[in-house]
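For reference, the structure discussed in these notes is given below.
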Amino acid sequence: MNATVKYTIRRILARFGYGLHPMTFFPMGRLMKLFQTHGINLLLDIGANSGQFAMNIQIYGYKGRIASFEPVQSAYNELSKNAARRPDWSVERMGISDENGEMDINVSGAFTLSSSFAAMRSKHLELAPNTAYTSQETVVVKTVDNIFNDYCGDGDRVFMKVDTQGYEAKVIRGAEKSLPRIAGVQMELSLEQMYEGEALAHEMIGLMLGKGYRLVNIEEGMSDPRTGHLLQCDCVFFREELC
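Residue 41 is where the sequence shown starts when you use my numbering, and the numbers rise one by one after that.
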């Protein structure tokens, strides 16, 4: 696109209050740039909900395979519908933890993104009362190590996204053998506990650094509007040898 065309488009968009920005202006665009830099061709989408993350990264140009894991039945039903549009997007109804078996998951009725195996703390409910748990479901849980070879081959460059509402440390604990083959990891981490027993951001960052990863990006998440304190952020790590 030459400078004159770009200028004309900017002027037209500005009349309506919009702007023209490069892909990396947006958080998902920055992540896609990391995917391109490191040749990611397989996404393990852990805590997929209805597939929002996977669909967004596809909008920004991701063409590789996706394996999504979601334990809550209603969210899994929506996930299955969304994934049906792509033959290289597989879905499983299961939770990911540090052990194999069955567990009860707390289901957030109005907002299933907040469903968790862990109890929700009062701070989370104060800020988002519509996320209160309304029921429980018994679900199958497996470790990353248990399922990794079912999806990942020797030639795959794997990125693992973890959005498990306070359960991130257990997901990583169950991935000990697989981590050397996982190029990148994104986790939603908390600066203040939102769920009982949750490992905080500084602890998880230290854990990942100790496992051979480098922190390469942080994106702002939920904050407390009463104080301005940041409460959650998305942290992206890539293996040190790739950086």
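Cβ coordinates follow ideal geometry from the N, Cα and C atoms, glycine included. No experiment lies behind these values; they were computed from the predicted model shown.
Selection from G237, A209, V184 that minimises the alpha carbon distance to P220: V184
Using three-state DSSP, classify K217 as helix, strand or coil. coil
For E208 and L229, which I take to be in contact (beta-carbon distance under 8 Å), what is that distance rounded to the nearest angstrom? 7 Å
V225, enclosing beta strand (DSSP E) - first and last residue: 222–230
With 16 as the cutoff for other CB atoms within 10 Å, does G87 come out buried or exposed? buried
For the beta strand (DSSP E) holding D85, just list the boundary residues, first then last. 82–86
Specify the secondary structure class of M72 as computed by DSSP and reduced to three states. helix
Among V276, S114, R125, nearest to M227 - alpha-carbon criterion: V276
Roughly how many angstroms lie between the CA atoms of G224 and S162, to the nearest whole one? 32 Å
Distance, G250 Cα to S120 Cα: 36 Å
Host beta strand (DSSP E) of G141 (start-end): 141–148
Got a sec? Which residues, its chain only, sit under 8 Å from L255 by beta carbon, not counting five neighbours each side? I245, M248, L249, C275, V276, F277
Provide the residue(s) that pair with Q272 in DSSP beta bridges, ordered along the chain. S230
Environment of K217 [buried if 16+ CB atoms lie within 10 Å]: Exposed is the call here.
Touch test, the stretch 194–213 against the stretch 132–141, Cβ-Cβ under 8 Å, three pairs minimum: Touching, per the Cβ criterion.
Alpha-carbon to alpha-carbon, N146 and S175: 6 Å
Who does V180 pair with in a DSSP beta bridge? E142
Going by C-alpha to C-alpha distance, which of I52, L231, E281, D190 sits closest to E260? L231
Any idea if K201 is buried or exposed, counting beta-carbon neighbours within 10 angstroms, 16 or more meaning buried? buried
C-beta contact flag for E118 and S90 at 8 Å: yes
How many Å lie between Y116 and E110 at the Cα? If you take the alpha carbons of Y116 and E110, they lie about 6 Å apart.
Quick one: grab the DSSP three-state call for F66. coil
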